[in-house]
Amino acid sequence: MRDASESIGSSHSLKILFAVLVLTSLPGAPVVAQKAQETKLPPYDLHSETKMKGAVDEVKEPPKGSEKEAIHLLVKNGADTADLYLCPKSFLADMGMSFSKGDEIALTGSKVKTSAGDLILAREVVKGNDTLVLRDDKGSPVWNWKH
């Protein structure tokens with residue numbers, strides 16, 4: 000039998016998944032997808048997709064007033080540290096999800112190289128019973144409707 004916290008976590012995950020499905024089917028989604036391609040991040044590469052687990056070592060938030068800029072997580076897995084690009088801060092807040100130092104997460108994402116160094120573009124992040132879907136199965140961001 001499930002306890003109340005499992006039911007609440009599953010319910011929250013379903014709400015996040017439902018929001019992603021509804022938001023990606025909005026009529027303006029193709030127009031805003033073009034704007035996302037103008038960002039300086041390299042495209043999501045399905046061929047470099049990887050899965051990993053680790054603990055959040057640091058949450059790097061954008062400066063105040065820059066809520067549309069991305070939140071990064073530094074994730075430690077043993078001696079390795081990965082820079083994980085999540086999504087705009089405003090989108091994460093809208094989804095009701097947050098991350099703190101020490102959170103254990105599992106992620107699926109694309110390893111990419113940038114002028115600032117290597118990072119992982121997150122497609123899906125699991126924390127406890129909650130699954131945050133940030134990109135569709137082709138790697139396109141689901142938050143584009145926000146811009």
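The sequence shown lines up with residues 0 to 146 when you count with numbering that gives the first Met the number 0. All C-beta atoms, glycine included, are put in the ideal place defined by N, C-alpha and C.
Subject >> Top-ranked residue by Cα proximity to D129, from D136, E103, G116 and T113 >> reply: Nearest of D136, E103, G116 and T113 to D129, Cα basis: E103.
Original post:
Is the Cβ of S89 closer than 8 Å to any Cβ of chain B?
Top reply: The question asks about chain B, but that chain is absent: this structure has only one protein chain.
Subject >> the segment 72 to 83 / the segment 127 to 141 touching (three or more Cβ pairs under 8 Å) >> reply: No, the segment 72 to 83 is not in contact with the segment 127 to 141.
**OP:** Express the C-alpha separation of M94 and D109 in angstroms, rounding to a whole number.
**Re:** For the record, residue 109 in the displayed sequence is Ser; it is not Asp. Roughly 22 Å between the two C-alpha positions.
Original post:
Which word fits G53, buried or exposed, when buried means at least 16 other C-beta atoms lie within 10 angstroms of its C-beta?
Top reply: With 16 or more Cβ atoms within 10 Å of its Cβ, G53 is classed as buried.
Original post:
Which residue comes first and which comes last in the beta strand (DSSP E) that contains L85?
Top reply: Element bounds for L85: D79 to P87.
**OP:** Locate the beta strand (DSSP E) running through S109, then write down its first and last residues.
**Re:** Segment E103 to T113, the beta strand (DSSP E) holding S109.
**OP:** Go to L131, then tell me how far its beta strand (DSSP E) extends in each direction, as first and last residue.
**Re:** In the DSSP annotation of this structure, the continuous segment of the beta strand (DSSP E) that includes L131 starts and ends at D129 to V132.
**OP:** Please classify A81: is it buried, with 16 or more other beta-carbons within 10 angstroms of its beta-carbon, or exposed?
**Re:** By the neighbour-count criterion, in which a residue is buried when 16 or more other Cβ atoms sit within 10 angstroms of its Cβ, A81 is buried.
Original post:
How would you write the range of the beta strand (DSSP E) that G116 sits in, first residue to last?
Top reply: In the DSSP annotation of this structure, the continuous segment of the beta strand (DSSP E) that includes G116 starts and ends at G116 to K126.
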